[in-house]
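Peer 1: Protein sequences appear in the order of chains A and B. Going by this note's numbering, the first sequence opens with residue 12, and the numbers climb by one from there. Going by this note's numbering, the second sequence opens with residue 12, and the numbers climb by one from there. Beta carbons: idealized from backbone N, C-alpha and C, even for Gly. Sharing a structure with you now.
Protein chains: 2
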Amino acid sequence: MHTLDSKTDVVLDGAAEYLNMPHSRLQELVDKRDIRQNWGEYQHLFRFDTTVAGIQNGSVLYQRNGNFELIRGFPKIRRAMLLEPAVHNHFSTIDSVVVEEKMNGYNIRVVSIDDHPVAITRSGYICPYSTEKAKTLLDASFFHDHPDLVLHGEMVGPDNPYVPKDIYDIESLEFFVFDIRKKGTGEPYPIKERRRLASEYNFTQVHHFGEFSTDVAPEKIQQIIQDLGAIEHEGVMIKDPEMIVPPIKYTCSQSNCGDLRHAFKFYNEVGRDYLFSRVVREGFQAVEWNEGTQQLDERCLRLGKSIIYPMMDTIRHIGEGERIADNVQIRVRDLDTVDKFKEYLRRLGVDAIFSAPKRIGDEYLLSIKKPNRSTNDKTDAILKGDLW
Amino acid sequence: MHTLDSKTDVVLDGAAEYLNMPHSRLQELVDKRDIRQNWGEYQHLFRFDTTVAGIQNGSVLYQRNGNFELIRGFPKIRRAMLLEPAVHNHFSTIDSVVVEEKMNGYNIRVVSIDDHPVAITRSGYICPYSTEKAKTLLDASFFHDHPDLVLHGEMVGPDNPYVPKDIYDIESLEFFVFDIRKKGTGEPYPIKERRRLASEYNFTQVHHFGEFSTDVAPEKIQQIIQDLGAIEHEGVMIKDPEMIVPPIKYTCSQSNCGDLRHAFKFYNEVGRDYLFSRVVREGFQAVEWNEGTQQLDERCLRLGKSIIYPMMDTIRHIGEGERIADNVQIRVRDLDTVDKFKEYLRRLGVDAIFSAPKRIGDEYLLSIKKPNRSTNDKTDAILKGDLW
Numbered sequence: 012m013h014t015l016d017s018k019t020d021v022v023l024d025g026a027a028e029y030l031n032m033p034h035s036r037l038q039e040l041v042d043k044r045d046i047r048q049n050w051g052e053y054q055h056l057f058r059f060d061t062t063v064a065g066i067q068n069g070s071v072l073y074q075r076n077g078n079f080e081l082i083r084g085f086p087k088i089r090r091a092m093l094l095e096p097a098v099h100n101h102f103s104t105i106d107s108v109v110v111e112e113k114m115n116g117y118n119i120r121v122v123s124i125d126d127h128p129v130a131i132t133r134s135g136y137i138c139p140y141s142t143e144k145a146k147t148l149l150d151a152s153f154f155h156d157h158p159d160l161v162l163h164g165e166m167v168g169p170d171n172p173y174v175p176k177d178i179y180d181i182e183s184l185e186f187f188v189f190d191i192r193k194k195g196t197g198e199p200y201p202i203k204e205r206r207r208l209a210s211e212y213n214f215t216q217v218h219h220f221g222e223f224s225t226d227v228a229p230e231k232i233q234q235i236i237q238d239l240g241a242i243e244h245e246g247v248m249i250k251d252p253e254m255i256v257p258p259i260k261y262t263c264s265q266s267n268c269g270d271l272r273h274a275f276k277f278y279n280e281v282g283r284d285y286l287f288s289r290v291v292r293e294g295f296q297a298v299e300w301n302e303g304t305q306q307l308d309e310r311c312l313r314l315g316k317s318i319i320y321p322m323m324d325t326i327r328h329i330g331e332g333e334r335i336a337d338n339v340q341i342r343v344r345d346l347d348t349v350d351k352f353k354e355y356l357r358r359l360g361v362d363a364i365f366s367a368p369k370r371i372g373d374e375y376l377l378s379i380k381k382p383n384r385s386t387n388d389k390t391d392a393i394l395k396g397d398l399w
Numbered sequence: 012m013h014t015l016d017s018k019t020d021v022v023l024d025g026a027a028e029y030l031n032m033p034h035s036r037l038q039e040l041v042d043k044r045d046i047r048q049n050w051g052e053y054q055h056l057f058r059f060d061t062t063v064a065g066i067q068n069g070s071v072l073y074q075r076n077g078n079f080e081l082i083r084g085f086p087k088i089r090r091a092m093l094l095e096p097a098v099h100n101h102f103s104t105i106d107s108v109v110v111e112e113k114m115n116g117y118n119i120r121v122v123s124i125d126d127h128p129v130a131i132t133r134s135g136y137i138c139p140y141s142t143e144k145a146k147t148l149l150d151a152s153f154f155h156d157h158p159d160l161v162l163h164g165e166m167v168g169p170d171n172p173y174v175p176k177d178i179y180d181i182e183s184l185e186f187f188v189f190d191i192r193k194k195g196t197g198e199p200y201p202i203k204e205r206r207r208l209a210s211e212y213n214f215t216q217v218h219h220f221g222e223f224s225t226d227v228a229p230e231k232i233q234q235i236i237q238d239l240g241a242i243e244h245e246g247v248m249i250k251d252p253e254m255i256v257p258p259i260k261y262t263c264s265q266s267n268c269g270d271l272r273h274a275f276k277f278y279n280e281v282g283r284d285y286l287f288s289r290v291v292r293e294g295f296q297a298v299e300w301n302e303g304t305q306q307l308d309e310r311c312l313r314l315g316k317s318i319i320y321p322m323m324d325t326i327r328h329i330g331e332g333e334r335i336a337d338n339v340q341i342r343v344r345d346l347d348t349v350d351k352f353k354e355y356l357r358r359l360g361v362d363a364i365f366s367a368p369k370r371i372g373d374e375y376l377l378s379i380k381k382p383n384r385s386t387n388d389k390t391d392a393i394l395k396g397d398l399w
């Protein structure tokens, strides 16, 4: 049985009631570590490591003044493989869809917990770095005025310890709101109201390409995707303006290949499904866009290069005695955040080497090296004659 | 508990003794179906579905005149990723290696069981089609003279129900011997003796490129691989002339991409590891051969095309209302073999539709359609708007 602190039994009792499940069932989920306690100042937050009774993984449950509050995980967004049939079929009950940009960063929910804005990752951890950023970037009066709301958004930019991107003309890191939902039910705001509310508080929002009738949407989206692809942006979210039909996503080939390019630097760690799903998308897009020989060859070459070139770089660097690593950076106001973030990565089992802080204005820039032991060791062994 | 026929207990007793394991351990392996009975006229053959006590999967154990005989599975052959370090490291205890061709077909062991040559697949099944072919293609006196030997070889050519290939200038199907081993221990013949023995019986053998000192072998092999690649052949086996150090394999990029081209016709069935391992080989070969931009781009384009083009064909064909299938053919002397082969595929759970036999000389040609339900259904659903 997983050991919890002394007050836990009482807490679990109330939580079971809130979740409408027997105490024994909840205890079982805690024992199996499907529901886990956070640590440190957040140990009163329970994180759903798996989807339980309709509550998706990444959800967070906690007690506030004797009552329970639930912050639901990000809803799983399904992907269109062929735009036209997918849009017509998925949105068959509505007349028009809103197209917003899908950005390449990491997902964060920001919510007020114990009167402080807290940044929660996709998995339901409290990220100390993102929390500092949320406090800096967001007008805190929002959480005072709307303690029952959860901001969903993307943390985007170069000072990004997870998915750094230079493509957005962002100096450090920005938080782009793409959804506002209620605590408890997870009910979303309709798009117009969400954008109005976000702009009231001067929140940065994902780009809104427009609202299109479902008839013309696939063609419009194809054009948007081609434009976004040309500047290496990721893709779009296609949404019901009322947010009743769930949104779907569709992405650019260039972004797809960009993912592979980054992943294959650490080829020995590439998820097999990660590779497979990305190559399959290319095939469907090529069919739907009815490409000619030249465009097709460009697509095939882009795909092949995105796999082979980064692998070759890695093998060569290791062959020259280097060790490869994922190099990222963070920028903080408070050096305390660095200590918390180090502890956070340690808890998650992420191997990370932090540079000394470098003062820039009223902030500190730190580079972080995340060595990839698996790819380093495997490549080194093969260079020394190991077989596959 | 898996039900076996009445005599099984006695048989198991003896088998346990032969394998030097307790009867209870063997019974457990049979119960778990790690060791399985064959069917029909071969139900006295036990097949190892997994590696047990150093006896590799695909091994076959049976009783003959009260004694047990063991036909060991094909030894797992490891792969060189970088030729030079692999050859130097793997063969560091010997001075020279033999290079033979690795052909693209399916592996068969031919052995005399109850005084008849029988063809055993990699997994340890008795393939009725391959058995007829073995009887036609091989001088049976070999098995009379050497009842203790097992021929290892590749069934290659267009009349091939598993891996049909037109690249070898073979009219129907040929059996290329690449190894001769003893029953029981699996001890291999040294290469010269094996080639001499095989030629005594006029067996077709895999091509022998030569014996090279380990110093020059990597360079020689690179040249051989480039020549083989140009004619779409698969690759080479690199062997200790004495067959004491285990052989290793190395393959051509073109063959690698040919595998992907075939596999991606049925994209929804492609093993994730199958794809991953093939793309990784490309990266290492490109580094070792130190390719210039043009060669590299050719390699990247070849890789991309081998994935995207067959997928596109499939999606388009299904979009036009067709159903895709793997089309293969067999050529038999005895129509009885067709019935047995149908039953064999049925037992293995392979969906196959046989054409009517077409008489050609004293043989019958039959085409076999193996529909791929998974890729057909998935593609059809996406064409109708399903999401991933």
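#1: Would you mind giving the Cβ-Cβ distance between His163 of chain B and Arg192 of chain B, rounded to the nearest angstrom? I have them listed as a contact below 8 angstroms.
#2: In whole angstroms, what separates the C-alpha of Cys419 of chain A from that of Phe365 of chain A?
#3: Residue ranges of each alpha helix (DSSP H) run of no fewer than 4 residues wholly in the segment 121-148 of chain B, ordered along the chain?
#4: First and last residue of the alpha helix (DSSP H) that includes Ala241 of chain B?
#5: With DSSP collapsed to three states, give me the class of Thr262 of chain B.
#6: Touching or not, the segment 153-173 of chain B and the segment 32-46 of chain B, by the rule of three or more beta carbon pairs under 8 angstroms?
#7: Thinking C-alpha only, which one of B:Glu299, B:Thr348, B:Tyr285 and B:Ala274 is nearest Ile335 of chain B?
#8: Taking just the CA atoms, how far does Val291 of chain B sit from Asn383 of chain A?
#9: Strictly below 9 angstroms CB to CB, what residues from chain B border Glu293 of chain A?
#10: Can you confirm whether Phe352 of chain A, when its beta carbon is compared against all beta carbons of chain B, has any partner nearer than 7 angstroms?
#11: Counting contacts by CB-CB distance shorter than 7 angstroms, is Trp399 of chain A in contact with chain B?
#12: Asn171 of chain A lies in the beta strand (DSSP E); which residues open and close that run?
#13: Chain A beta carbons: is any one of them nearer than 7 angstroms to that of Pro96 of chain B?
#14: Can you pull the chain B residues whose beta carbon is under 7 angstroms from the beta carbon of Asp308 of chain A, in chain order?
#15: Provide the residue span of the alpha helix (DSSP H) that contains Pro96 of chain A, from first to last.
#16: Who are the Cβ neighbours of Gln216 of chain A in its own chain at under 8 angstroms, not counting the five residues just before and after it?
#17: Compute the beta-carbon to beta-carbon distance between Ile259 of chain B and Arg89 of chain B, rounded to the nearest angstrom, for a pair I have assumed lies under 8 angstroms.
#18: Kindly identify the DSSP beta-bridge partner or partners of Ser107 of chain B.
#19: Tell me the rounded alpha-carbon separation between Ala91 of chain B and Lys231 of chain B.
#20: By Cβ distance below 7 angstroms, which residues in the same chain neighbour Asp69 of chain B in space, the five residues on each side in sequence not counted?
#21: For a minimum of 4 consecutive residues, which ranges assigned as the alpha helix (DSSP H) are wholly contained in the segment 250-300 of chain A?
#22: Taking DSSP as the reference, what is the three-state secondary structure of Asp337 of chain B?
#23: Output yes if chain B places a C-beta closer than 7 angstroms to the C-beta of Met92 of chain A; else output no.
#24: For Val343 of chain A, which beta-bridge partners are listed by DSSP?
#25: Is the CB of Glu396 of chain B under 7 angstroms away from at least one CB in chain A?
#26: Please classify Gly330 of chain B: does DSSP put it in a helix, a strand, or coil?
#27: Mapping the DSSP letters down to three states, classify Pro321 of chain A as helix, strand or coil.
#28: Using CA atoms only, rank isn't needed, just tell me which of A:Gln54, A:Thr325, A:Leu376 and A:Gln74 is closest to Leu394 of chain A.
#29: Among A:Val227, A:Leu72 and A:Pro96, whose alpha-carbon lies nearest the alpha-carbon of Ser123 of chain A?
#30: Taking the straight line between their C-alpha atoms, what separation do you get for His13 of chain B and Asp24 of chain B?
#31: Between the segment 260-271 of chain B and the segment 317-331 of chain B, can you find at least three pairs of beta-carbon atoms closer than 8 angstroms?
#32: Just to confirm the assignment: which complete beta strand (DSSP E) runs, minimum length 3, are found wholly within the segment 23-47 of chain B?
#33: What in chain B is Cβ-close to Val281 of chain A, meaning under 8 angstroms?
#34: Can you look up His55 of chain B in the DSSP assignment and give me helix, strand or coil?
#35: Against chain B, with Cβ distances strictly below 7 angstroms, would Asn284 of chain A count as a contact?
#36: DSSP has Leu160 of chain A in a bridge; who is on the other side?
Peer 2: Based on what the coordinates show:
#1: 6 angstroms
#2: In the structure displayed, chain A extends from 12 to 399; residue 419 of chain A sits before or after that span and is not available.
#3: 139-148
#4: Ala228 to Ala241
#5: strand
#6: no
#7: B:Ala274
#8: 17 angstroms
#9: Gly315, Ile318, Ile319 and Met322
#10: no
#11: yes
#12: No beta strand (DSSP E) holds Asn171 of chain A; DSSP gives it neither H nor E.
#13: yes
#14: Leu312
#15: Leu94 to His101
#16: Phe187, Val188, Phe189, Arg206, Ala209 and Ser210
#17: 5 angstroms
#18: B:Ser224
#19: 15 angstroms
#20: The residue asked about is misnamed: residue 69 of chain B is Gly in this sequence, not Asp. The answer, listed in chain order, is Phe59, Gly84, Phe85, Arg133, Ser134 and Gly135.
#21: 264-274 and 283-299
#22: strand
#23: yes
#24: A:Tyr375
#25: It is worth fixing the name first, because residue 396 of chain B is Gly in this sequence and not Glu. Yes - at least one Cβ of chain A is within 7 angstroms of the one on Gly396 of chain B.
#26: helix
#27: helix
#28: A:Thr325
#29: A:Leu72
#30: In this prediction, His13 of chain B has a pLDDT of 47, which is less than 50 and means its spatial position is unreliable; nothing more can be read from the coordinates.
#31: yes
#32: none
#33: Phe287
#34: coil
#35: According to the sequence shown, residue 284 of chain A is Asp rather than Asn. So, interface residue.
#36: A:Lys193
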